[in-house]
DNA sequence: CAAATATTGTTGCTTTATGTTGAAAATAAT
DNA sequence: ATTATTTTCAACATAAAGCAACAATATTTG
């Protein structure tokens, strides 16, 4: 077991895939060494190796939800890593549904002793596997393509908490209308999470600032001043007014 | 116990890993001394030692649950496939926690329009991704290594259903004591699921018939006559009495 | 105070990890 | 197809870390 193993594991879980050269650079060792360290990890099945890169061992799943997991993959991984940086060990967070939130959940696996309340079964499942976390699944009736709950019980569970951060996502960002989601129930859950949070964290990839979806969308309630927007590209100046009350964090394409 | 121990512990937890040379420098002692001090700490399991460094003992990520996902992998997959064969499209099932159940959930992705009630976030997440399924997550407070709920809400949700099959698993099978699980709460959930089911399906791999766990185990309530046992190897004749009231299905080891 | 005990540093040697080189394999480009 | 580029792998040389035994120093105990 090498001292670099945990660093490699983290990089892989966080980013899904990472090249040998990147790791060599990040760890300040030669590529050959990286390969040597990785070999036993592959044998143990902790990571998978393809030509040119090492990728997370987690395989399974193809459904529509996970399809979206692959759009803007690198951007979302970078954003998720930045969000995970904002959260401390022992933190208390609420996390909503959405593919970006799924990435955030993956990234948060490096944190310890988290208390998490979420209405997404995927997020709940991911984070409850981590020893020491306290995870609460809000709601029981799950929606059939993303495994999220929006029933009465979900609101009741959420309302019983007080969290440091509400980690939210949106389908689109509009200069005047703000952060938009597709359905009323998503808006309601996001609102409920914002209400119990000292601070909201809105995680949206750059594409959300450009997408001009034709479908009707609903605006989320306004976030508290001082809330944090995490994205991977500096938004167009047209968004200045909208973003002024907030702290905008730009996630770097990321080194190790 | 050396006066340097707490300093070392702090350095390790703080930084995740630290080299012997760094510690020697910081504590102003020789490297040999550092090794000598660390030796008993390693024996006690407080820290871990690798060539070149001391690393935190907190095994970041080898959740016992996912570890078990890989034991008896082929057997469990065969059993799961057989269970999935018993369930029809449009079926209504309850599924409990456990690595075998996780495989069953995977296998059940080939079925359509299932109604599922489970106390496992992993099972819920897996099956809710399938278009057309109705999945209910029973419970909100999730246990931290397998993401299963055993709280009051879990029982309430389960009690509100009536299902065709309760798909259960056990830690061990004993000729006289029957099907055994490790904890009271697991027994209770299994019992609750059996009560709402017309028929129970017990999925246990052959190893469960042999394992002679020394730890104290609890017997599950007796299943209805006609319930189904699915395993991959014909049980020893010593189990004849126990299994007589049931239908035993032997899953053929499958390709892939 | 002296003897016993524990702690630390030093030395020489063994084991392990790492970087470099060059050839083979795989992938991409033509 | 063929060539070019990148990635991987094996082998060797070297540096670094670990280890055991001994010597020197401090600490406790009778």
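Chains as they are written, first to last, in our numbering: chain A, 188 to 443; chain B, 188 to 443. Ideal placement from N, C-alpha and C gives every residue a C-beta, glycine not left out.
Delimiting residues of the beta strand (DSSP E) encompassing residue 389 of chain B
For the purposes of this step, residue 389 of chain B is taken as the residue at position 202 of the second chain. Looking at the DSSP string, the run of the beta strand (DSSP E) that includes residue 389 of chain B is 384–390.
Expressed to the nearest angstrom, what Euclidean distance is found between the alpha-carbon atoms of residue 346 of chain A and residue 360 of chain A?
One-based indexing of the first chain puts residue 346 of chain A at position 159. One-based indexing of the first chain puts residue 360 of chain A at position 173. Looking at the backbone, the Cα of residue 346 of chain A and that of residue 360 of chain A are separated by about 26 Å.
Please confirm if residue 248 of chain A has its CB atom under 8 Å from at least one CB of chain B.
The sequence position of residue 248 of chain A within the first chain is 61, counting from 1. Caution is warranted here: a pLDDT of 42 is assigned to residue 248 of chain A, below 50, making its placement in the model unreliable, and no coordinate value can be reported.
Residue 293 of chain B versus residue 418 of chain B: straight-line alpha-carbon distance, rounded
As a position in the second chain, residue 293 of chain B is number 106, starting the count at 1. As a position in the second chain, residue 418 of chain B is number 231, starting the count at 1. Their Cα atoms are separated by approximately 17 Å.
May I ask you to report which of helix, strand or coil DSSP gives residue 204 of chain A?
One-based indexing of the first chain puts residue 204 of chain A at position 17. Look at residue 204 of chain A here: in three-state DSSP terms it is strand.
Nearest-angstrom Cα distance between residue 224 of chain B and residue 206 of chain B?
Here residue 224 of chain B refers to the residue found at position 37 when the second chain is read from its first residue. Here residue 206 of chain B refers to the residue found at position 19 when the second chain is read from its first residue. So the alpha carbons of these two residues sit roughly 14 Å apart.
When burial is assigned at 16 or more other CB atoms within 10 Å of the CB, is residue 431 of chain A buried or exposed?
Position 244 of the first chain holds residue 431 of chain A. That one is exposed.
So is residue 412 of chain B buried or exposed if we call it buried at 16+ other beta carbons inside 10 Å?
Sequence index remark: in the second chain, residue 412 of chain B carries index 225 (1-based). Burial call: exposed.
Taking residue 328 of chain A as the query, report the chain B residues whose CB atoms sit under 7 Å from its CB, ordered along the chain.
For the purposes of this step, residue 328 of chain A is taken as residue 141 along the first chain, with counting starting at 1. The answer, in chain order, is 323.
Just to confirm before moving on: does the CB-CB distance between residue 232 of chain B and residue 244 of chain B stay below 8 Å?
Residue mapping note: residue 232 of chain B aligns to position 45 of the second chain, counting from 1. Residue mapping note: residue 244 of chain B aligns to position 57 of the second chain, counting from 1. Contact flag set, yes.
Going along the chain, which residues of its own chain have a beta-carbon closer than 8 Å to the beta-carbon of residue 386 of chain A, five neighbours each way excluded?
Locating residue 386 of chain A in the first chain gives position 199, counting from the first residue. Only 351, 352, 353, 411, 413, 414, 415 meet the Cβ criterion.
Using DSSP's beta-bridge definition, name the partner residues of residue 336 of chain A.
By one-based count along the first chain, residue 336 of chain A stands at place 149. Per DSSP, A:329.
At a cut-off of 7 Å, would you count residue 326 of chain B as near the ligand SAM, judging by its Cβ distance to the nearest heavy atom?
Judged by which ligands are present, the structure shown has none, so any question about the ligand SAM falls away.
Please check if any C-beta of chain B sits within less than 8 Å of the C-beta of residue 229 of chain A.
Walking along the first chain from the start, residue 229 of chain A turns up at place 42. No - not a single Cβ of chain B is within 8 Å of the one on residue 229 of chain A.
Looking at the secondary structure, which residues open and close the beta strand (DSSP E) in which residue 437 of chain A lies?
By one-based count along the first chain, residue 437 of chain A stands at place 250. For residue 437 of chain A, the enclosing beta strand (DSSP E) covers residues 434–437.
With 8 Å set as the bound, which would you pick, yes or no: does the beta-carbon of residue 280 of chain A sit closer than that to a beta-carbon of chain B?
Reading the first chain from its first residue, position 93 is the one you call residue 280 of chain A. By the rule that beta-carbons nearer than 8 Å mark a contact, residue 280 of chain A does not touch chain B.
Leaving out the 5 sequence neighbours to the left and right, which residues in its chain are closer than 7 Å to residue 191 of chain A when beta-carbon positions are compared?
As a working mapping, residue 191 of chain A is identified with position 4 in the first chain. 214, 224, listed in sequence order.
Enumerate in chain order the residues of its own chain whose CB-to-CB distance from residue 267 of chain A is below 6 Å, with the five nearest sequence positions on each side excluded.
Sequence index remark: in the first chain, residue 267 of chain A carries index 80 (1-based). Once the five neighbours on either side are set aside, the close Cβ partners of residue 267 of chain A are 290, 291, 294.
Quick one: is residue 249 of chain B buried, meaning 16 or more other Cβ sit within 10 Å of its Cβ, or exposed?
For the purposes of this step, residue 249 of chain B is identified with residue 62 of the second chain, where counting begins at 1. Unreliable positioning characterises residue 249 of chain B in this predicted model, as indicated by a pLDDT of 36, which lies under 50. The coordinate reading is nonetheless provided below. Exposed.
Contact criterion: CB-CB distance below 8 Å. Does residue 337 of chain B meet it with respect to chain A?
Locating residue 337 of chain B in the second chain gives position 150, counting from the first residue. Output row for residue 337 of chain B: interface = no.
Starting from residue 294 of chain B, follow the alpha helix (DSSP H) in both directions and report where the run begins and ends.
Position 107 of the second chain holds residue 294 of chain B. Secondary structure note for residue 294 of chain B: its alpha helix (DSSP H) is the uninterrupted segment 286–294.
Taking only the alpha-carbon atoms, compute the straight-line gap between residue 209 of chain B and residue 296 of chain A and give it to the nearest angstrom.
Position 22 of the second chain, counted from the start, is the residue given in the question as residue 209 of chain B. Position 109 of the first chain, counted from the start, is the residue given in the question as residue 296 of chain A. Going by the C-alpha atoms only, they are around 28 Å apart.
If I'm right that residue 286 of chain B touches residue 308 of chain A with Cβ under 8 Å, what's the distance once you round it to whole angstroms?
Start at 1 with the first residue of the second chain, and residue 286 of chain B comes out as number 99. Start at 1 with the first residue of the first chain, and residue 308 of chain A comes out as number 121. About 18 Å separates the beta carbon of residue 286 of chain B from that of residue 308 of chain A, a gap too long to meet the 8 Å contact definition.
Apart from the five residues just before and just after residue 408 of chain B, which ones in its own chain have a Cβ nearer than 7 Å to its Cβ?
Counting from one through the second chain, the residue named residue 408 of chain B turns up at place 221. If we look at residue 408 of chain B and ignore the five residues flanking it on each side, its Cβ neighbours are 378, 381.
For residue 320 of chain B and residue 303 of chain B, I'd like the C-alpha separation in whole angstroms.
In the second chain, counting from the first residue as 1, residue 320 of chain B sits at position 133. In the second chain, counting from the first residue as 1, residue 303 of chain B sits at position 116. The straight-line gap from Cα to Cα measures roughly 8 Å.
Can you tell me whether residue 424 of chain B is buried or exposed, with buried defined as 16 or more other CB within 10 angstroms of its CB?
The residue given as residue 424 of chain B occupies position 237 in the second chain. Counting every other CB atom within 10 Å of its CB across the protein chains shown gives residue 424 of chain B a total below 16, marking it as exposed.
Identify the continuous alpha helix (DSSP H) that holds residue 358 of chain A and give its terminal residues.
Start at 1 with the first residue of the first chain, and residue 358 of chain A comes out as number 171. Looking at the DSSP string, residue 358 of chain A is not in any alpha helix (DSSP H), and its letter there is neither H nor E.
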